[in-house]
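**Q** Numbering (full-length UniProt numbering), first residue to last: 1 to 394. All residues carry an ideal CB built from backbone N, CA and C; glycine is no exception.
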Amino acid sequence: MTQSLLIKYAEIGIKGKNRYLFENALVKQAKIALKRVDGEFVVTKEAGRIYVTTESDCDMDEAIEALQYVFGIVGICPMMQIEDNGFEDLAKHVIKHIEDNYEDKNLTFKVAARRSRKNYPMDSMEINMEMGGVILDAFPEMKVDVHNPDIVINIEIRNKINIYSKIIPGPGGMPVGTAGNGMLLLSGGIDSPVAGYMVAKRGVHIDAVYFHAPPYTSERAKQKVVDLAKIISKYTGPMNLYVVNFTDIQMYIYDKCPHDELTIIMRRYMMRIAEYFANKEGSLGLITGESIGQVASQTMQSLAATNEVCTMPVFRPVIAFDKQEIVDISLKIGTYETSILPYEDCCTTFVAKHPVTKPNINIIKRSETHLEEEIDRMFKEAVETAELIEIRRD
Ligand code: ATP
Ligand code: MG
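As structure tokens, this is what we get:
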């Protein structure tokens, strides 16, 4: 038996001449996602529609779950696709569709027919009326409600006929790979995985960099970041994660610079190093989980001081979000439980008791001159010794 799904996509439907590029990217990502599911799936594109079909006797719920990770998909509809053998045959299939899908028939419904093939002998209104009558005869418990029905029975008359009534939500957004590359500064916290997810949701392929400070940060802290990268890669696809040993640079800043400026100077070096890897991966921007006012290093003044060293755009998708709003997304995407594991972060290890909250860029720059002797060598060493972990889907 053929089992099929209709994939609905919204925004990519309106991209004019480039539309096929987005559709092709979505088809490609859907295929990649379905590789993880037992069974042979065929993903096809046909006149503004994407279909997933399989002849194998596989679990469609698993296929649906896999597709819920594919950006660009707004809805997944389990569908019955039949040949056009006249209205009576269509009616039989619609009845079977209701029987198969709804045990409790105590439902309100409406029929929504659409004809893209105008030579069908009935128009949409006629199909709605006739089919409504057929359904009421077959299931007397069911009632029509055209304004707020429990179920909408969609009938699409194309070369073949599609019948579906359930729309399972997808993640929305744009297919990954349609918007260039970005480099995520991924820490073990709550915010940066969410930031990476959000930018990837707009079609950006992401890679990541993590600043590790052994022995102040443990292997477990690093493993936590790897685990977070794996979770977000379920949505974003494979990524390269660079683990930079940041200890020497941190210690050097600690030795040479005023302690209340430590975090800002450290963050400026993080940005500089992240840019190095961004250039290496062909990224067009950096991505961080910063949010205005969340901590001393994220006041407007601190953000300006950190940003000042960057030559490429820095994308901060959670900049105006409250913590709870970020937490809500992390719960939804499945990173929260890992993010709250209590391992130390390199920023907390060296944090000053009273960090500056309104750093003056000129003063910060002057403090950084104290690093002149060793910092270039240390920078070079940090990028050269970085460990590359290839995060791939399991
Ligand atoms: P998060 O929850 O993402 O860790 P945070 O609230 O702890 O954020 P900070 O520690 O000030 O905030 O970090 C701000 C941003 O800087 C993070 O969102 C992340 O993008 C980046 N960042 C911080 N520490 C690291 C690190 N060790 N490695 C990579 N990026 C980092
Ligand atoms: Mg953090």
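So is the beta-carbon of residue 195 under 7 Å away from any non-hydrogen atom of the ligand ATP?
**A** Numbered from 1 along the sequence shown, position 195 holds the residue referred to as residue 195. For the ligand ATP, at least one heavy atom lies less than 7 Å from the Cβ of residue 195.
**Q** Exposed or buried, what is residue 117 when buried is set at 16 or more other beta-carbons lying within 10 Å of its beta-carbon?
**A** Stepping through the sequence shown from its first residue, residue 117 is reached at position 117. Looking at its Cβ environment, which holds fewer than 16 other Cβ atoms inside 10 Å, residue 117 is exposed.
**Q** Beta strand (DSSP E) containing residue 5: first to last residue?
**A** Locating residue 5 in the sequence shown gives position 5, where the first residue counts as 1. Counting along the chain, the beta strand (DSSP E) containing residue 5 begins and ends at 3-8.
**Q** If contacts are defined as beta-carbon pairs under 8 Å, then residue 209 and residue 182 qualify, I think. What distance do you get, rounded to the angstrom?
**A** Taking the sequence shown and counting its residues from 1, the one referred to as residue 209 is at position 209. Taking the sequence shown and counting its residues from 1, the one referred to as residue 182 is at position 182. 11 Å between Cβ atoms; not a contact.
**Q** Based on Cα-Cα distance, which residue from 168, 62, 157, 22 lies nearest to residue 395?
**A** The displayed coordinates of the chain run from 1 to 394. Any statement about residue 395 would go beyond what the structure contains.
**Q** With DSSP collapsed to three states, give me the class of residue 176.
**A** The count along the sequence shown starts at 1 and reaches residue 176 at position 176. Reduced to three states, the DSSP call for residue 176 is coil.
**Q** Is the Cβ-Cβ distance between residue 396 and residue 171 less than 8 Å?
**A** Missing from the structure shown is residue 396; the chain here goes from 1 to 394 and no further.
**Q** Ignore the nearest five residues each way along the sequence and tell me which others in residue 383's own chain have a CB closer than 8 Å to its CB.
**A** What you label residue 383 is simply residue 383 of the sequence shown in a count that begins at 1. Same-chain partners within the cutoff: 244, 273, 276, 277.
**Q** Using DSSP with H/G/I as helix, E/B as strand and the rest coil, what is residue 68?
**A** Here the question's residue 68 lines up with position 68 in the sequence shown. Three-state result, residue 68: coil.
**Q** Would you list the residues sitting across from residue 81 in a DSSP beta bridge?
**A** Counting from one through the sequence shown, the residue named residue 81 turns up at place 81. Residue 81 pairs with 162.
**Q** Using only the heavy atoms of the ligand ATP, determine whether one of them is closer than 7 Å to the beta carbon of residue 209.
**A** Numbered from 1 along the sequence shown, position 209 holds the residue referred to as residue 209. Checking every heavy atom of the ligand ATP against the Cβ of residue 209, one is found closer than 7 Å.
**Q** For residue 147, count neighbouring Cβ atoms within 10 angstroms of its own Cβ and tell me buried if that reaches 16, exposed if not.
**A** Working through the sequence shown from its first residue, we reach residue 147 at position 147. So residue 147 ends up on the exposed side.
**Q** Label residue 401 either buried or exposed according to how many other C-beta atoms from any shown protein chain fall within 10 Å of its C-beta, with 16 as the threshold for buried.
**A** Examination of residue 401 is not possible in this model, given that the chain is present from 1 through 394 alone.
**Q** Measuring CA to CA, which of 176, 224, 141 is closest to residue 205?
**A** Mapped onto the sequence shown, residue 205 falls at position 205. Nearest of 176, 224, 141 to residue 205, Cα basis: 176.
**Q** Between the region 290-301 and the region 353-365, are three or more C-beta pairs nearer than 8 Å?
**A** Short answer: they touch.
**Q** Taking just the CA atoms, how far does residue 101 sit from residue 27?
**A** Stepping through the sequence shown from its first residue, residue 27 is reached at position 27. Stepping through the sequence shown from its first residue, residue 101 is reached at position 101. Answer to the nearest angstrom: the Cα atoms are 27 Å apart.
**Q** From the DSSP output, read off the bridge partner residues of residue 242.
**A** What you label residue 242 is simply residue 242 of the sequence shown in a count that begins at 1. DSSP, once it has assigned bridges, lists 209, 388 as partnering residue 242.
**Q** Which of helix, strand or coil does DSSP assign to residue 311?
**A** In the sequence shown, residue 311 corresponds to position 311, counting from 1. Residue state, collapsed to three classes: coil.
**Q** So, at 7 Å on beta carbons, what are the nonlocal neighbours of residue 271 in its own chain, with the 5 sequence-adjacent residues on each side left out?
**A** Residue mapping note: residue 271 aligns to position 271 of the sequence shown, counting from 1. Answer for residue 271: 286, 306, 309, 310, listed in chain order.
**Q** Can you check whether the CB of residue 321 is closer than 8 Å to the CB of residue 291?
**A** Residue numbering aside, residue 291 sits at position 291 when the sequence shown is read from its first letter. Residue numbering aside, residue 321 sits at position 321 when the sequence shown is read from its first letter. It is a contact, given that the beta carbons lie within the stated cut-off.
**Q** Spatial neighbours of residue 149 within its chain, please: CB distance less than 6 Å, with the 5 preceding and 5 following residues excluded, ordered by chain position.
**A** Here the question's residue 149 lines up with position 149 in the sequence shown. If we look at residue 149 and ignore the five residues flanking it on each side, its Cβ neighbours are 108, 109, 110.
**Q** Here's a check: name, in chain order, each residue in its chain whose Cβ is nearer than 6 Å to the Cβ of residue 211, leaving out the five neighbours to either side.
**A** One-based indexing of the sequence shown puts residue 211 at position 211. So the qualifying residues of the chain are 244, 246, 270, 346.
**Q** Please confirm whether any heavy atom of the ligand ATP lies closer than 7 Å to the CB of residue 295.
**A** Residue 295 sits at position 295 when you count from the first residue of the sequence shown. Because some heavy atom of the ligand ATP lies under 7 Å away, the Cβ of residue 295 counts as near it: yes.
**Q** Specify the secondary structure class of residue 156 as computed by DSSP and reduced to three states.
**A** Here residue 156 refers to the residue found at position 156 when the sequence shown is read from its first residue. Strand.
**Q** Give the range of the beta strand (DSSP E) segment to which residue 44 is assigned.
**A** The residue labelled residue 44 in the question sits at position 44 within the sequence shown. From DSSP, the beta strand (DSSP E) with residue 44 extends over 42-46.
**Q** Is any heavy atom in the ligand ATP found nearer than 7 Å to the beta carbon of residue 270?
**A** Taking the first residue of the sequence shown as 1, we reach residue 270 at position 270. At least one heavy atom of the ligand ATP is nearer than 7 Å to the Cβ of residue 270, so yes.
**Q** The alpha helix (DSSP H) that contains residue 87, what's its start and end?
**A** For the purposes of this step, residue 87 is taken as the residue at position 87 of the sequence shown. That run of the alpha helix (DSSP H) goes 87-101.
**Q** Under 7 Å: does the beta carbon of residue 404 sit that close to some heavy atom of the ligand ATP?
**A** The question about residue 404 has no answer here: the residues shown for the chain are numbered 1 through 394.
**Q** Given 7 Å as the limit, tell me if residue 187 has its C-beta closer than that to any heavy atom belonging to the ligand SAH.
**A** No copy of the ligand SAH occurs in the structure displayed; its ligands are the ligand ATP and the ligand MG alone.
**Q** Quick test of your reading: residue 135 and residue 142, contact by CB under 8 Å. State the CB separation rounded to the nearest angstrom.
**A** Stepping through the sequence shown from its first residue, residue 135 is reached at position 135. Stepping through the sequence shown from its first residue, residue 142 is reached at position 142. That belief holds up - the Cβ atoms of residue 135 and residue 142 are roughly 6 Å apart, short of 8 Å.
**Q** Which class does residue 305 belong to by DSSP, given the choice of helix, strand or coil?
**A** In the sequence shown, counting from the first residue as 1, residue 305 sits at position 305. Three-state result, residue 305: helix.
**Q** For the region 80-97 against the region 155-163, are there 3 or more C-beta pairs whose distance is under 8 Å?
**A** Touching, yes, given that three or more Cβ pairs across the two stretches are closer than 8 Å.
**Q** Distance, Cα to Cα, residue 239 vs residue 267?
**A** Sequence index remark: in the sequence shown, residue 239 carries index 239 (1-based). Sequence index remark: in the sequence shown, residue 267 carries index 267 (1-based). Answer to the nearest angstrom: the Cα atoms are 23 Å apart.
**Q** Provide the residue span of the beta strand (DSSP E) that contains residue 109, from first to last.
**A** In the sequence shown, residue 109 corresponds to position 109, counting from 1. First-last of the beta strand (DSSP E) with residue 109: 108-115.
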